[in-house]
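Data first, discussion second: the structure below is written as structure tokens.
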């Protein structure tokens, strides 16, 4: 297994467009987390799944954000009607239960 | 609301100096994890501490978990330019949350 992978690595989009990111976790990991990170700051929790169930979603997350993990394996994060304030690094991490979490390399989103 | 606060936020030191980064919370965590992140990359796990009072060493890095499992520290001895990066502590309860980060710059 090559670890957590995220696709794409970089995305530039125009304001108002929808974007979707994909995360493939480590295969035996049942938990999958999404975070947003701006320059020099720690990752901000967005949501997490245990298997296919979305257990928690940050109250800071607007309704424009949605995440799925339909078969308990890969996950997608969609942002609708993107705004310039959505520009950030989007990070995915996976773990087995509450064990050590491993991150992907992130998707850098730029909204112009 | 669970919060993890790290201090200092920024640290610029000369090669060979020692430093300590702190991670504090009012919440009890089942474990704390330390990560290092380089620009444009995802965080890389350095260590996980689980037991209150635990001390772990990773070459020149020493990690300590507080007795009450609410805080942790990272001490780097004889820092090198390769230690430059963003250091993050993450705390696990029902989910994994992160501190604000400490940006370390080691000048040659």
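Protein chains in written order, with this note's numbering: chain A, 1 to 112; chain B, 1 to 108.
Think of the CB as a built atom: it goes at the ideal place given N, C-alpha and C, for glycine as much as any other residue.
Nothing here was measured: the structure is a model prediction, and the numbers come from that model.
- With a beta-carbon spacing of about 6 angstroms, residue 5(B) and residue 99(B) fall inside the 8 angstroms limit used to define contacts.
- Take residue 77(A), set aside five residues on each side of it, and the residues of its chain with a beta-carbon closer than 6 angstroms to its own are 21, 34 and 67, in chain order.
- What residue 108(B) touches in chain A, judged by beta-carbon distance under 8 angstroms, is nothing: the nearest beta carbon there is about 22 angstroms away.
- Following the DSSP letters along the chain, one finds residue 48(B) inside the beta strand (DSSP E) bounded by residues 44-49.
- In the three-state DSSP reduction, residue 63(A) falls in the coil class, being neither helix nor strand.
- Residue 95(B): not part of any beta strand (DSSP E); DSSP gives it neither H nor E.
- The secondary-structure analysis by DSSP pairs residue 88(A) across a beta bridge with 109(A).
- Within the region 93-104 of chain B, the residues whose Cβ lies closer than 9 angstroms to any Cβ of chain A are, in chain order, 93, 94, 95, 96, 97, 98, 99, 100, 101 and 103.
- Boundaries of the beta strand (DSSP E) harbouring residue 5(B): 5-7, taken from the DSSP string.
- If you check the CB distance, residue 47(A) and residue 62(A) do not come in under 9 angstroms.
- With contacts defined by Cβ atoms closer than 9 angstroms, residue 45(B) and residue 61(B) do not form a contacting pair.
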